[in-house]
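Only one structure is covered here, and it is reproduced in the block below.
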Amino acid sequence: MNDFPFCPAIAFPLFLDPVIIHLGPIAFHWYGLGYVVGILFAWWYAQELLKKKSLWSKNQAPMTPQQISDFVTLGTIGIVVGGRLGQVLVWDPVYYFNHPSDIIALWDGGMSFHGGLIGIITAMLWFSYKNNINVWGMFDTIAAGAPIGIGIVRICNFINQELWGHVTTVPWAVCFYNDPQYLPRHPSQLYEALMEGFLLFIILAIVIFSFKALKRPGTITGIFNISYGIARSISEIFRVPQEDPEWFAVLFYSTGFTYGMALSLPMILFGCYALLQTFKYKFTK
Numbered sequence: 005m006n007d008f009p010f011c012p013a014i015a016f017p018l019f020l021d022p023v024i025i026h027l028g029p030i031a032f033h034w035y036g037l038g039y040v041v042g043i044l045f046a047w048w049y050a051q052e053l054l055k056k057k058s059l060w061s062k063n064q065a066p067m068t069p070q071q072i073s074d075f076v077t078l079g080t081i082g083i084v085v086g087g088r089l090g091q092v093l094v095w096d097p098v099y100y101f102n103h104p105s106d107i108i109a110l111w112d113g114g115m116s117f118h119g120g121l122i123g124i125i126t127a128m129l130w131f132s133y134k135n136n137i138n139v140w141g142m143f144d145t146i147a148a149g150a151p152i153g154i155g156i157v158r159i160c161n162f163i164n165q166e167l168w169g170h171v172t173t174v175p176w177a178v179c180f181y182n183d184p185q186y187l188p189r190h191p192s193q194l195y196e197a198l199m200e201g202f203l204l205f206i207i208l209a210i211v212i213f214s215f216k217a218l219k220r221p222g223t224i225t226g227i228f229n230i231s232y233g234i235a236r237s238i239s240e241i242f243r244v245p246q247e248d249p250e251w252f253a254v255l256f257y258s259t260g261f262t263y264g265m266a267l268s269l270p271m272i273l274f275g276c277y278a279l280l281q282t283f284k285y286k287f288t289k
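In terms of my numbering, the sequence shown has 177 at position 173, counting the first letter as 1, and numbering is strictly consecutive.
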């Protein structure tokens, strides 16, 4: 503690170690646990929604709880493979080209949300086709519980002291110990946990249970994508951007438009399309 200068804000709590426990050479990280808890919650929540037939159009869920259980392994693979490939190919290709052995070092963090999203969408498209499931219904089922996992993983980003925000004078600013400047910064990871995670989950729950949104397949998918895209774009204002690809940095130098914002635009557009296609369904109580 004495190795660090005085922090005029909130010093990062030292008891928050990225590693939960060491068992010999094996270390269990909060980051990995965050993914596990998020996936397990989404699995449980999806099953509960599917059991409530009255939430769905014509009182008929698009798939069975057993089918969701059958999908969990495939969905997890899609998230992990897509998330890691997104990080490797989109965000840090030069680093991983020079350090190929680090590609599998998932325990050190480094997962692209947008890559993971593409991975699980691919898995859902394949699974719904193979099992003759309405794809919008499956998208809705998974999207409904996804924000909790997103929020938990963002908290793990905070524990890892990564993806922190710009320097600020707000009363809740945090000094991160791995910041070479050791300056008060926005805890942007917690902003993202709140906006992209827990608030988004509450919004989706309200439209599901109060407005019966699941009766129009694609509604939850649309709201999720639009809301996440907007929340991520807002959070990018407070967050120190990751190093943008060179071509992007040249095009948008000094504009304030980040690569994270650019990657969120397709989500917003896809969300708009998802909502528009819901009008082909007749609302049934």
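Note that CB positions come from ideal geometry on N, CA and C, so glycine has one too.
Ranking A65, G119 and P221 by CA distance to the CA of V84 puts G119 first. Only buried fits D144, as 16 or more other CB atoms lie within 10 angstroms of its CB. Residue environment for W140: buried (at least 16 other C-beta atoms within 10 angstroms of its C-beta). By the criterion of at least three beta-carbon pairs nearer than 8 Å, the segment 122-141 is in contact with the segment 72-91. The secondary-structure analysis by DSSP pairs A15 across a beta bridge with C179. In the three-state scheme derived from DSSP, where H, G and I count as helix and E and B as strand, G169 is classed as strand.
Rounded to whole angstroms, the Cβ separation of W34 and C160 is 5 Å, and the two are in contact under 8 Å. The segment 17-88 contains, as complete alpha helix (DSSP H) runs of 4+ residues, the segments 34-55 (chain order). In the structure shown, P221 adopts coil according to DSSP, grouped into three states.
Under the DSSP assignment, I212 falls in the alpha helix (DSSP H) whose first and last residues are L203 to F213. For F261, no alpha helix (DSSP H) run applies, since DSSP gives it neither H nor E. F202 is the residue among R236, F202 and P188 whose C-alpha sits nearest the C-alpha of G153. Between the segment 250-260 and the segment 173-183, the count of Cβ pairs shorter than 8 Å is below three; the stretches do not touch.
Under the DSSP assignment, N136 falls outside any alpha helix (DSSP H); it carries neither an H nor an E label. Assigned with DSSP and collapsed to three states, P249 falls in coil, not helix or strand. It is roughly 43 Å from the alpha-carbon of I206 to the alpha-carbon of N102. Contact annotation, F45 with G114: C-beta distance approximately 23 Å; criterion of less than 8 Å not satisfied. Cβ contact annotation for P191 (same chain, cutoff 6 Å, sequence separation greater than five): V178, in chain order. Sixteen is the threshold: since fewer than 16 other Cβ atoms of the shown chains lie within 10 Å of the Cβ of A109, the residue is exposed.
By the beta-carbon neighbour count (other beta carbons within 10 angstroms, threshold 16), E200 is buried.
Short of 6 Å from the beta carbon of I272, and not among the five residues preceding or following it, lie these beta carbons of its own chain, in chain order: I230 and G233.
For E200, there is no enclosing alpha helix (DSSP H), as DSSP marks it with neither H nor E. Between the alpha carbons of G42 and P12 lies a distance of about 35 Å.
Taking C-alpha positions only, I24 is separated from Y39 by approximately 14 Å. For P184, the secondary structure class from DSSP, reduced to helix, strand or coil, is coil. A straight-line Cα-Cα distance of about 19 Å links L93 and L167.
The alpha-carbon of A65 is positioned some 19 Å away from that of A278. For V98, the enclosing alpha helix (DSSP H) stretches over residues P97 to N102. Closest option to S116, judged by alpha-carbon separation, among I125, M142, G87 and Y100: G87. Inter-residue distance for Q70 and F32 is about 30 Å (C-alpha atoms, whole angstroms).
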